[in-house]
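**Q** In full-length UniProt numbering, the protein residues as written are 1 to 231.
Heads up, the beta-carbon is just placed ideally off N, CA and C, and yes, glycines get one too.
Dumping the structure here so I can ask a few things about it.
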Amino acid sequence: MAKYLKTVVAPQVPPQLLKSFLAAVKKGNIRTMQNKSMPATPVPTPGAILLGDAFNMRHPLTGGGMTVALSDIVLLRDLLRPLTDLSDASALCEYLESFYTLRKPVSSTINTLAGALYKVFCASPDPARQEMREACFDYLSLGGICSYGPISLLSGLNPRPIHLFLHFFAVAVYGIGRLMIPFPTPKRVWLGTRLILGASGIIFPIIKGEGVRQMFFPATIPAYYNAPPLQ
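Right, here's the structure in full:
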């Protein structure tokens, strides 16, 4: 780690900070922090609202944190736009419970995609996981909807969790199809079975953490229809 910091990172550090940076590397005791994932649990608090990573974190693989944060800001702006008086904290807090539901399509799509891709691409000796990785690359290389579909999900331009679900399992089915060609063998059938089971084991726990109802059926939650307080 020290060698990497000196040879790769140090040349990119601003000159004003370089001396202190090298001194810290020489001192040692280099600390690392593990990647965090924290599904958003609503915490209605009068007078305060959490945004960004303070409220909701996902794996940094896809770099979706700022996309979610900016989406939250736009949503909160639109919710506050019709209000002229923010002094009634309790009424405002009750109204903003809708924020936690309305943000789900964007945030849950990006969160789930980040977590799923990390588990697909992280190092694993499992041949089924390797097949899943190769199927993912080959699926994207097909172009068309197989390319712009996942990219639109990744960028937050298509905040529809059901599309993420369909693309994820389309990759798994595509991977199974690759295994069955030119002809299936017992070994290939078994590997294909493990591939689909592995894909299910990756995405379903993430969806459960995000909340199935909140993610796919937000309109069934009463807070979705909260109206601005009378002023």
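Applying the 10 Å Cβ sphere with the 16-neighbour rule, what's the burial state of residue 233?
**A** No statement about residue 233 is possible, as the shown extent of the chain runs from 1 to 231 and does not include it.
**Q** In three-state DSSP terms, what is residue 69?
**A** Counted from its first residue, the sequence shown places residue 69 at position 69. Helix, per DSSP.
**Q** Compare the Cα-Cα distances from residue 134 to each of 173, 148, 157 and report the closest residue.
**A** Position 134 of the sequence shown, counting from 1, holds the residue named residue 134. Among 173, 148, 157, the Cα nearest to that of residue 134 belongs to 173.
**Q** Applying the 10 Å Cβ sphere with the 16-neighbour rule, what's the burial state of residue 201?
**A** Taking the first residue of the sequence shown as 1, we reach residue 201 at position 201. Exposed, since its Cβ has fewer than 16 Cβ neighbours within 10 Å.
**Q** Between the C-alpha atoms of residue 59 and residue 129, what's the straight-line distance to the nearest angstrom?
**A** One-based indexing of the sequence shown puts residue 59 at position 59. One-based indexing of the sequence shown puts residue 129 at position 129. Spanning the two alpha carbons is a distance of roughly 19 angstroms.
**Q** Return helix, strand or coil for residue 48, following the three-state DSSP convention.
**A** Numbered from 1 along the sequence shown, position 48 holds the residue referred to as residue 48. Residue state, collapsed to three classes: strand.
**Q** Distance check for residue 12 and residue 190, CA to CA, integer angstroms please.
**A** If you number the sequence shown from 1, residue 190 lands on position 190. If you number the sequence shown from 1, residue 12 lands on position 12. About 48 angstroms.
**Q** When the distance is taken between beta carbons, is residue 99 closer than 7 angstroms to residue 161?
**A** Position 161 of the sequence shown holds residue 161. Position 99 of the sequence shown holds residue 99. In this structure, residue 99 does not lie closer than 7 angstroms to residue 161 by Cβ.
**Q** In chain order, what are the residue ranges of uninterrupted alpha helix (DSSP H) at least 4 long that sit wholly in the region 79-162?
**A** DSSP runs (the alpha helix (DSSP H)) wholly in the region 79-162: 89-95, 97-102, 104-121, 127-141, 145-154.
**Q** Measure the CB-CB distance between residue 148 and residue 61 and report whether it falls below 7 angstroms.
**A** Within the sequence shown, residue 148 is the residue found at index 148, counting from 1. Within the sequence shown, residue 61 is the residue found at index 61, counting from 1. Contact flag unset, no.
**Q** From residue 26 to residue 16, what does the alpha carbon distance come to, in whole angstroms?
**A** Translated into the one-based positions of the sequence shown, residue 26 becomes position 26. Translated into the one-based positions of the sequence shown, residue 16 becomes position 16. Taking the straight line from one Cα to the other gives about 17 angstroms.
**Q** Alpha helix (DSSP H) containing residue 194: first to last residue?
**A** Here residue 194 corresponds to residue number 194 of the sequence shown, with the count starting at 1. First-last of the alpha helix (DSSP H) with residue 194: 186-210.
**Q** Which partner residues does residue 57 have in the DSSP bridge list?
**A** Within the sequence shown, residue 57 is the residue found at index 57, counting from 1. Note: residue 57 sits in a beta bridge opposite 38.
**Q** Are the region 177-190 and the region 206-213 touching by the rule of at least three beta carbon pairs closer than 8 angstroms?
**A** Too few Cβ pairs lie closer than 8 angstroms, so no.
**Q** Is DSSP giving residue 63 helix, strand or coil here?
**A** The residue given as residue 63 occupies position 63 in the sequence shown. Three-state result, residue 63: coil.
**Q** Which residue comes first and which comes last in the alpha helix (DSSP H) that contains residue 5?
**A** Locating residue 5 in the sequence shown gives position 5, where the first residue counts as 1. That residue, residue 5, is in no alpha helix (DSSP H); it is neither H nor E in DSSP.
**Q** Rounded to a whole number of angstroms, what is the C-alpha to C-alpha distance between residue 169 and residue 48?
**A** As a first step, residue 169 is located in the sequence shown; it is residue number 169 there, counting from the start. As a first step, residue 48 is located in the sequence shown; it is residue number 48 there, counting from the start. Answer to the nearest angstrom: the Cα atoms are 39 angstroms apart.
**Q** From residue 107 to residue 20, what distance separates their C-alpha atoms?
**A** On the sequence shown, residue 107 is found 107 positions in, with the first residue counted as 1. On the sequence shown, residue 20 is found 20 positions in, with the first residue counted as 1. Each residue's alpha carbon lies about 38 angstroms from the other.
**Q** Only counting the same chain, and skipping five residues up and downstream in sequence, which positions put a Cβ closer than 7 angstroms to that of residue 10?
**A** Taking the sequence shown and counting its residues from 1, the one referred to as residue 10 is at position 10. Result list for residue 10: 18, 21, 22, in chain order.
**Q** What is the C-beta distance between residue 73 and residue 51, in whole angstroms, given that I count them as a contact (C-beta under 8 angstroms)?
**A** Counting from one through the sequence shown, the residue named residue 73 turns up at place 73. Counting from one through the sequence shown, the residue named residue 51 turns up at place 51. Between residue 51 and residue 73 the Cβ distance is about 7 angstroms, and since that is below 8 angstroms, they are a contact.
**Q** For residue 234, which option in 158, 44, 131, 45 has the closest C-alpha, if you only look at C-alpha atoms?
**A** Any property of residue 234 remains undetermined from this structure, which presents the chain solely from 1 to 231.
**Q** Can you check which of these residues, 14, 44, 6, 84, is closest to residue 24 by C-alpha distance?
**A** By 1-based counting over the sequence shown, the position of residue 24 is 24. Comparing Cα-Cα distances from residue 24 to each of 14, 44, 6, 84, the minimum goes to 6.
**Q** Identify the continuous alpha helix (DSSP H) that holds residue 16 and give its terminal residues.
**A** As a first step, residue 16 must be located in the sequence shown, where it is residue number 16. Where residue 16 is concerned, the enclosing alpha helix (DSSP H) stretches over 15-27.
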